[in-house]
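Residue numbers (my numbering): 2 to 372.
The block underneath contains the structure these notes are about, expressed in C-alpha cells.
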C-alpha cells in the first residue's frame with residue numbers, strides 16, 4: 002500500500018483529549034493529523050453529563066483539575082463559541098453521620114492540596130438547594146466546580162484545530178499500527194499514514210490499538226449511563242454529587258435534569274453496540290427522587306450510555322511509552338481535565354516536557370498488574 006499522507010504528529014481519537022491536543026498543536030503551527038473513527042466528540046466525551054469538577058477526585062488529579070480552571074474560564078473566547086460553561090459550584094452530599102466524617106477527612110486533604118471547599122449543613126445547605134430531601138445531612142461545597150455542554154466542546158476543539166491548519170479525518174477507522182524505522186505506520190480507512198510521532202487517545206479503544214505496538218494497558222470497558230428528564234422549573238443552581246450513593250445531578254439550561262453518577266449500561270467495543278440497562282434506569286430514578294423528592298414520577302425523555310476506559314486505580318494513564326504518547330483510561334471523569342491534558346500533551350510533544358508533573362499517571366504504577 003502506498004503512503005497516503007506523511008505527518009509529523011498523528012493523533013488517534015477525537016474525544017476531548019485528542020481534539021484539544023490537535024488544537025494546541027495547530028495553534029503552535031505543528032503538522033498534526035487527528036483521526037477519529039466516528040465523529041469528533043461523539044463517544045464518551047460527548048455523552049457524559051458535562052461536569053467540570055475539582056472535588057471528589059484522587060489527590061494526584063487535583064493539580065490537573067486546578068490548572069483546568071483558567072482554561073475553562075477562557076474557552077468560549079479561545080474557541081469562538083458558546084460552550085454553556087458556567088462555574089456554578091458543586092455540592093458533595095452525605096446522608097449519614099459516618100459518611101459526613103469520611104467526607105470531612107477527604108475535604109481536609111483536598112484543601113491541603115489547594116482546593117477551596119466549605120462544609121455546609123442545616124440552613125446553609127438548604128439555601129444552596131432548597132428542594133433537598135431531609136435525608137441530606139450536609140456536604141462539601143466547592144465554588145469553583147461547574148458544568149458545560151459536552152456535545153459542544155470536543156467538536157469545537159476539532160473545528161478550531163482544522164481552522165488553524167490541522168488535518169481532521171472523521172469516519173476513519175485505524176485498522177493497524179506498526180513501527181516503521183524511526184516512525185510509525187498507521188493503516189487507516191483513508192490509506193496508509195507515516196507519522197514521526199503518535200498520540201493514542203482513543204478512549205476505551207486505546208488498549209486494542211496499543212496491542213499492535215506490543216503494549217499492554219490495564220484498561221477495561223466501563224459503560225456509565227445517563228437519564229434526562231423533561232424540562233423542569235429551575236431547582237438546581239449547583240451540581241449535586243452523591244457520596245452516600247452513586248449519583249450526580251445537573252440541571253441544563255433547557256431545564257432538563259441529567260441523572261447519572263455510577264449506574265452502568267452495556268456495550269461492546271468490537272461491534273460498538275451499546276445501551277442502558279432498564280433496571281438501572283429505574284434505580285437511578287429512585288435515587289434521584291430520594292435526594293430531590295420533586296423528581297418522584299418526573300417524566301424522562303431518554304437514557305443513554307458512553308463507552309469509557311477504566312483503570313485499576315480509577316486514574317488515567319498519561320505517559321510516553323516506547324516512543325508513543327498515551328492518554329486514556331479517564332474512568333468517566335475526564336471531561337473536566339481533558340482540555341488541560343490536551344495542552345500538556347502538546348507541550349510534551351513540542352517542548353520535550355509538559356509544564357505539570359504527570360508522573361503519577363505513568364503506566365509503570367501498574368507493574369505486576371495483568372492487562
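Note that CB positions come from ideal geometry on N, CA and C, so glycine has one too.
Query, Result
"With a cut-off of 8 Å, do at least 3 Cβ pairs link the stretch 43-57 to the stretch 181-189?", "no"
"For the structure I just gave you, are there three or more beta carbon pairs, one from the stretch 242-251 and one from the stretch 262-270, closer than 8 Å?", "yes"
"So, for residue 224: in the same chain, excluding its five sequence neighbours on each side, which residues have a beta-carbon less than 8 Å away from its beta-carbon?", "265, 266, 267, 268, 275, 306, 307, 308, 309"
"Whole angstroms is fine: what's the gap from residue 328's alpha carbon to residue 270's?", "18 Å"
"Please report the straight-line C-alpha distance between residue 311 and residue 364, rounded to a whole angstrom.", "13 Å"
"Between which two residues does the alpha helix (DSSP H) harbouring residue 76 extend?", "76-80"
"Taking the alpha-carbon positions, what's the residue 65 to residue 289 distance?", "30 Å"
"What did DSSP end up calling residue 223 once you bin it into helix, strand or coil?", "strand"
"Rounded to a whole number of angstroms, what is the C-alpha to C-alpha distance between residue 221 and residue 205?", "7 Å"
"Which whole-angstrom value is the C-beta distance of residue 237 and residue 258, which I expect to be below 8 Å?", "7 Å"
"Give the C-beta separation of residue 230 and residue 296 to the nearest angstrom, bearing in mind that I take them to be a contact with Cβ-Cβ under 8 Å.", "7 Å"
"Grouping DSSP H, G and I as helix and E and B as strand, with all else coil, what is residue 65?", "helix"
"Roughly how many whole angstroms lie between the Cα atoms of residue 343 and residue 21?", "5 Å"
"The alpha helix (DSSP H) with residue 269 in it runs from where to where?", "Element bounds for residue 269: n/a, residue is neither H nor E."
"Please report the residue range of the alpha helix (DSSP H) in which residue 19 lies.", "17-28"
"Would a C-beta distance cut-off of 9 Å place residue 347 and residue 28 closer than the cut-off?", "yes"
"Within 8 Å, do at least three Cβ pairs link the stretch 135-153 to the stretch 3-11?", "no"
"Determine the DSSP secondary structure at residue 8, reduced to helix, strand or coil.", "strand"
"Mind reading off the beta-carbon distance from residue 420 to residue 350? Whole number of angstroms is fine, and I expect it under 8 Å.", "In the structure displayed, the chain extends from 2 to 372; residue 420 sits before or after that span and is not available."
"What residues in its chain sit with their C-beta under 8 Å from that of residue 278, if we drop five residues either side in the sequence?", "226, 264, 265, 266, 267"
"Measuring only the C-alpha atoms, how far is residue 47 from residue 151?", "5 Å"
"Using C-beta distances below 6 Å, list every residue in its chain close to residue 7, excluding the 5 sequence neighbours before and after it, in chain order.", "195"
"I'd like the list of long-range same chain contacts for residue 256, defined as Cβ closer than 6 Å, with 5 residues on each side in sequence excluded.", "232, 233"
"What do you get for residue 228, buried or exposed, if any count of 16 or more other CB atoms within 10 angstroms of its CB means buried?", "buried"
"Looking only at its own chain, which residues have a Cβ that is under 6 Å from the Cβ of residue 188, when we skip the five neighbours before and after it?", "176, 177"
"Can residue 458 and residue 31 be called in contact, C-beta distance under 9 Å?", "In the structure as shown, the chain starts at 2 and stops at 372, and residue 458 therefore has no counterpart that could be examined."
"From what residue to what residue does the beta strand (DSSP E) around residue 331 run?", "Counting along the chain, residue 331 falls outside any beta strand (DSSP E), and DSSP gives it neither H nor E."
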